[in-house]
């Protein structure tokens, strides 16, 4: 079955595709509602030096239509009721399917947020994502899983092996919102990511804050020593963009680069008088 539409994703949610026990079918009905209600927007991540789009991050939208105040509330309910892994696989399938329909020129790499708690799930099955990628004409090398610091997963050798299994399958890993969560440097040490996304807190107003410049520059130096690519998150102004580029950050993400768009085919630069000054006087084109 080609999982290229929301309806196909719903059809995919047969009982045998749902880990765990769902005797009443309640979980499947809930996941069907999710698949038909929510959507994904894609935000570009650009190379500071060349201006080329390096990747897109898939960002969930529409959870409010199901009565959830935030994405976190949706995931918390799924976790509490024991079907977080099934929800994640539903959303993962949707995001990958939509990403696959983007033109090859724009496709580049997909960044997908992973709720760390699924790594502790009894329903977790290694290889699930690798199995569905061929149906979209994609390979694991195009997908990066973002590991958040919101939930502590350090100190568990099984989880560490799971992350290593992702890497062995060809996926890459990124630590998201670095510097704001539980684990910090410990997660960086244990996860061994390919990408480090520095939280917006450290980027906001960095051009006027010497301490932030120092923090970011030293984090970047350490990351580069470890062979990690650094992403500056939440770049919203020309000053922030220039400061991060001067420090030596590798990739930029934020409204100054481009806003999330539900229809990536018509993705355009964010409106306004300021545009990223990348590679001399040129600016990024997201068309």
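Residue numbers (the working numbering): 451 to 737.
Where is the CB? At the ideal position from N, CA and C, for every residue including glycine.
Subject >> Pair within 8 angstroms by beta-carbon distance, residue 643 and residue 697 >> reply: Indexing the chain shown from 1 puts residue 643 at position 193. Indexing the chain shown from 1 puts residue 697 at position 247. Contact flag unset, no.
Subject >> Cβ shell of residue 620 (< 6 angstroms), same chain only, five flanking positions each side left out >> reply: As a first step, residue 620 must be located in the chain shown, where it is residue number 170. Contacts found: 590, 591.
Subject >> Contact check, residue 559 vs residue 612, beta carbons under 8 angstroms >> reply: The count along the chain shown starts at 1 and reaches residue 559 at position 109. The count along the chain shown starts at 1 and reaches residue 612 at position 162. Going by C-beta atoms, residue 559 is not nearer than 8 angstroms to residue 612.
Original post:
Does the Cβ of residue 658 have 16 or more other Cβ atoms within 10 Å, making it buried, or fewer, making it exposed?
Top reply: Within the chain shown, numbered from 1, the residue matching residue 658 stands at position 208. Residue 658 is exposed by the Cβ-count criterion.
Subject >> Strand pairing of residue 506, partner residues [DSSP] >> reply: Counting from one through the chain shown, the residue named residue 506 turns up at place 56. 494, 560, per the DSSP bridge assignment.
Original post:
For residue 518, which of helix, strand or coil comes out of DSSP?
Top reply: Your numbering for residue 518 matches position 68 in the chain shown. Coil.
Subject >> CA nearest to the CA of residue 686, picked from 483, 673, 652, 661 >> reply: For the purposes of this step, residue 686 is identified with residue 236 of the chain shown, where counting begins at 1. Of 483, 673, 652, 661, the residue nearest in Cα terms is 652.
Subject >> Exposure label - residue 504; buried when at least 16 CB within 10 Å >> reply: Here the question's residue 504 lines up with position 54 in the chain shown. By the neighbour-count rule (16 or more Cβ atoms within 10 Å), residue 504 is buried.
Original post:
What number of angstroms, rounded off, separates the C-alpha of residue 488 from the C-alpha of residue 682?
Top reply: Along the chain shown, one-based indexing puts residue 488 at 38. Along the chain shown, one-based indexing puts residue 682 at 232. Approximately 27 angstroms between the Cα atoms of the pair.
Original post:
Alpha carbon to alpha carbon, what distance is there between residue 669 and residue 654?
Top reply: Indexing the chain shown from 1 puts residue 654 at position 204. Indexing the chain shown from 1 puts residue 669 at position 219. The alpha-carbon atoms of residue 654 and residue 669 are separated by roughly 16 angstroms.
**OP:** Look at the alpha carbon of residue 665 and the alpha carbon of residue 630, and state the distance between them as a whole number of angstroms.
**Re:** As a position in the chain shown, residue 665 is number 215, starting the count at 1. As a position in the chain shown, residue 630 is number 180, starting the count at 1. Each residue's alpha carbon lies about 13 angstroms from the other.
Original post:
What runs of the beta strand (DSSP E), each 3 residues or longer, lie entirely inside the segment 665-702?
Top reply: 679-682
Original post:
Does DSSP put residue 715 in a helix, in a strand, or in coil?
Top reply: Locating residue 715 in the chain shown gives position 265, counting from the first residue. With a pLDDT of 43 at residue 715, under the threshold of 50, the modelled position of this residue cannot be trusted; read the value that follows with caution. Three-state result, residue 715: helix.
Subject >> Spatial distance of residue 495 from residue 552 (CA atoms) >> reply: Here residue 495 refers to the residue found at position 45 of the chain shown. Here residue 552 refers to the residue found at position 102 of the chain shown. Each residue's Cα considered, the two are about 15 angstroms apart.
Original post:
From what residue to what residue does the alpha helix (DSSP H) around residue 593 run?
Top reply: Position 143 of the chain shown, counted from the start, is the residue given in the question as residue 593. Counting along the chain, residue 593 falls outside any alpha helix (DSSP H), though it belongs to the beta strand (DSSP E) covering 593-598.
Original post:
Which stretch, first to last residue, makes up the beta strand (DSSP E) that contains residue 578?
Top reply: Here residue 578 is taken as the residue at index 128 of the chain shown, counted from 1. Looking at the DSSP string, residue 578 is not in any beta strand (DSSP E); the run it does join, the alpha helix (DSSP H), is 578-582.
Subject >> Runs of alpha helix (DSSP H) wholly within the segment 628-666 (minimum 4 residues, chain order) >> reply: 635-641, 650-653
**OP:** Could you tell me which of 491, 519, 542 sits nearest to residue 481, measuring between CA atoms?
**Re:** Taking the chain shown and counting its residues from 1, one reaches residue 481 at position 31. Answer by Cα proximity: 542.
Original post:
With 16 other CB atoms within 10 Å as the buried threshold, where does residue 690 fall?
Top reply: Counting from 1 along the chain shown, the entry for residue 690 is found at position 240. Per the 10 Å Cβ criterion, buried.
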